[in-house]
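Chains as they are written, first to last, in the numbering used here: chain A, 7 to 428; chain B, 8 to 270.
All C-beta atoms, glycine included, are put in the ideal place defined by N, C-alpha and C.
Here's the structure, in structure tokens; my notes come after.
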Amino acid sequence: MNLLLVGLSHKSAPVEIRERYSVAEGQLQGIDEKLVRDTVCSEGALISTCNRTELLIVSDDAVAASERAHWFLNHDIGDGSADNHNLYELRDAEAAKHLFRVAASLDSMVLGEAQILGQLKGAHRAALAARSCGPLLNRLFERAFRTAKRVRSETGLGASQVSVARVGVQLAEEVFENFADKRVLLIGAGEMAESALHGLHHAGADDVRVLNRTRRTAEQLAARLRAEVGDFGDLESELARADIAVASVSVERPLLGQAELERCMRGRAGRPLLLIDLGVPRCLDPDANRVDDVYLYDLDDLDEIAARGRARRSAASAPAEAIVGTEVTRYEQWRAGLDAVPVIRELRARAHALALEEVQRGVRHFPDSPEIREALARLAEGIANKLVHRALERLRAEAEEGSAPYFADAAREIFGLQEEDE
Amino acid sequence: MTEILHELAAALYLGSAAAGGWSVWKGTGAHWVPRLLALGALVHAIGFVSLHREQPPIPLESFPAALSLMGWLIAVAYLLSMRFARIQAVAAWVGLAAGLFTTIAWFELLVGPQTVRSVAGSGAWSHAHVLLSALGFSFLALASLAGLGYLAKERALKHKRGVGESLPSLESLDRMEHFTLALGFPLLTLGVATGFVWGIDQGLSPWSWHSNLLLFAWAVYLLPVGLRVVRQQHGEKPARSVVLGFLLLASSYIGIRLIGGAA
């Protein structure tokens, strides 16, 4: 079985391309279902976050799976605008290592951010619901979550959780001296927006208004965070009164462009407006940055700011990388063990069949009683299990060491499994 | 003694500027840069006391003394402004400005007469004119520094470059510019007015070319003041006009000096 990962991320593609390959969380299951309808892919899962869109595929045919993954990414998910420089492909141990690094937030814009783990769990849930997540991917995800947990608890990487949204707060401090008298507008009530609000609250912002297409969601968030709720239809007028706006809504086209922002800025007498666009696809037209006194930053811009702070956190990333390495080795050992599974199954089935055969032959010498028949069956099965137990254990152990093919052939030869198959 | 104190103050100012530049270059903290500036201002103040003991009263009408006073006032005005806005990050700029003023004054002393001399017609009006003008000029110099900082920061934020991170926030620079303009412009107005009275007192025409030049520079400041006070304008436009106003004001002072008129 081959494990393949094909995708693009903030490290390989700019946001203009990433937003064309972005998939909303609600659509993941449908895509996962479609993925495994293809005979090439025995298992599959799509991961789509603000910063990455990646396909995980398990297949017997690595070459066909690679072609299929590229085609699927460019035709069923994206619009084909990503070229070979934007897409990367990783296999087996490298693919597992990449996923573990992503889960541990070592591949994030901001080292140690916590949101990525929730997004991976969402991708895993969607794949399970789509029944596209088999034993190999299931184990891979579980190991990835375990790695993330270890990194968080055993290294300093998670000690001061920093999110992309908090980098936005750092950016706001470049524009404003304090936040006590500033109005903050949250456009969208998702996890990113909530994280941003926490950061701004911590920095002293009290006057917060939440706008969301679903007013009830906005009210729930506002109630939790002592904010007020505005009408999504009044976006322009709300923006005209705001000092900082954090946009994180799912959109197909930008909500506001240059012309709308110019209208918003009239009558502000040069008061700056900081716009932080956390959406992929972007919620605000990049041309809005051309408007006087408007400072628009999208995720790529935040990435650059985060990159400057990344060096400071790199000391904690070394032990985290070591944990990832250990976990990748364990996962690969487990995956290698899978090569012995067919032989183990065959051997166990052969032993049980022989035991049953002997019971049926021997039961004729005893009175016809169901109790006696059952006791004899249990006895024979127990002896058979004990006889093959050590062989099975050895097979598993050798498989984890990478010697599965040799020992599997030996087991087939010794127990006559090959002849049986033939 | 006065000259040594003067040199030391200039060295401390320029040292604070260099230290600020170094901290920006290395990305280290620069909390001690304002302290260095404050030390320079203290040494400078002692220098003025020493000058007063040597030649009482201080001949403020002389160009080197007035220039040196402006350097000191820039440092003091900045240190006072720090109470109202988070502007520690511009300490290096202020150190550079104060250091240059003080160094030029020292250079003037070296190339000119060995001691600071009084000019004809010195008296209450002339002292008031020089003091008020120097104070106004110092605050307006700070306003222009804040305006320049605002424009640099604004540009860095617009173009998403990291160079602006070494400057205070836009809001801090805007507040500093507002505060120093609000103090500097009335002081300059009084300085210009007392200068006219002094001129008339000396039997000079109030409409001489350098008076007109000063008046023009003063009038240019009406633009940022109008934008700030009447239209409550913030941001880029007042910043530009404050920088432009100071350039004209400085040019007029330098022009007067080069052609030989008294400040």
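- Counting every other CB atom within 10 Å of its CB across the protein chains shown gives Q209 of chain B a total below 16, marking it as exposed.
- Note that the C-beta distance between L284 of chain A and A233 of chain A is not below 8 Å.
- A104 of chain B and I81 of chain B have their alpha carbons spaced roughly 8 Å apart.
- Judged by pairs of C-beta atoms under 8 Å, the region 14-23 of chain A does not touch the region 355-363 of chain A, as fewer than three such pairs exist.
- Neighbours of F185 of chain A across chain B, judged by C-beta separation under 7 Å, do not exist; the nearest C-beta is about 10 Å away.
- Cβ-Cβ separation between L279 of chain A and L241 of chain A: approximately 13 Å, too far for a contact (criterion under 8 Å).
- Among the CB atoms of chain A, one or more fall inside 8 Å of the CB of E178 of chain B.
- The continuous stretches of beta strand (DSSP E) do not include G205 of chain A, which lies in the alpha helix (DSSP H) extending over residues 197-208.
- In the three-state scheme derived from DSSP, where H, G and I count as helix and E and B as strand, E404 of chain A is classed as helix.
- V249 of chain B counts as buried, since at least 16 other C-beta atoms from the protein chains shown sit within 10 angstroms of its C-beta.
- A distance below 8 Å separates the beta carbons of H76 of chain A and V12 of chain A.
- When the beta-carbon positions are compared, R274 of chain A and A246 of chain A come within less than 8 Å of each other.
- Within the same chain, and ignoring the five residues on either side of N295 of chain A in sequence, the residues whose Cβ sits closer than 6 Å to its Cβ are L302.
- The beta strand (DSSP E) runs of length 3 or more contained entirely in the region 247-281 of chain A are, from start to end of the chain, 250-253.
- In this structure, the beta-carbon distance from H130 of chain A to F147 of chain A falls below 8 Å.
- The distance from the Cβ of L34 of chain A to that of G50 of chain A is about 11 Å, inconsistent with a contact at the 8 Å cut-off.
- Inter-residue distance for I378 of chain A and V365 of chain A is about 10 Å (C-alpha atoms, whole angstroms).
- In the structure shown, V108 of chain A adopts helical secondary structure according to DSSP, grouped into three states.
- Chain-order list of chain A residues neighbouring H241 of chain B: A275, G276, R277, by C-beta distance under 7 Å.
- For V173 of chain A, same chain residues with a beta-carbon under 7 Å away, outside a window of 5 residues either side, are V116, L308, I311, A312 in chain order.
- A direct Cα-Cα distance of roughly 43 Å separates A72 of chain B from H166 of chain B.
- With three or more CB-CB distances shorter than 8 Å, the region 147-165 of chain B counts as touching the region 184-198 of chain B.
- Around the beta carbon of S375 of chain A, fewer than 16 other beta carbons lie within 10 angstroms, which makes this residue exposed.
- At a beta-carbon threshold of 7 Å, none of the residues of chain A lie near R247 of chain B; the nearest stands roughly 11 Å away.
- At a cut-off of 8 Å, the C-beta of N57 of chain A has no neighbouring C-beta in chain B.
- For A51 of chain A, the beta-bridge partners assigned by DSSP are A:L62.
- The beta-carbon distance between A417 of chain A and D345 of chain A, rounded to whole angstroms, is 12 Å. This is too long to meet the 8 Å contact definition.
- For I37 of chain A, the three-state secondary structure derived from DSSP is helix.
- The three-state reading of DSSP puts R137 of chain A in coil, since its state is none of H, G, I, E or B.
- Contact of R238 of chain B with chain A is assigned, a C-beta pair being separated by under 8 Å.
- Taking a contact as a CB-CB distance under 8 Å, the pair I63 of chain A and L10 of chain A counts as one, their CB atoms being some 5 Å apart.
- In the three-state DSSP reduction, R26 of chain A falls in the coil class, being neither helix nor strand.
- Distance from the CA atom of Y157 of chain B to the CA atom of G242 of chain B, rounded to whole angstroms, is 8 Å.
- V190 of chain A is bridged by DSSP to A:V214, A:I250.
- Interface residue (Cβ-Cβ distance to chain A less than 8 Å): R182 of chain B is classified as such.
- For the pair S15 of chain A and E119 of chain A, the Cα-to-Cα distance works out to about 16 Å.
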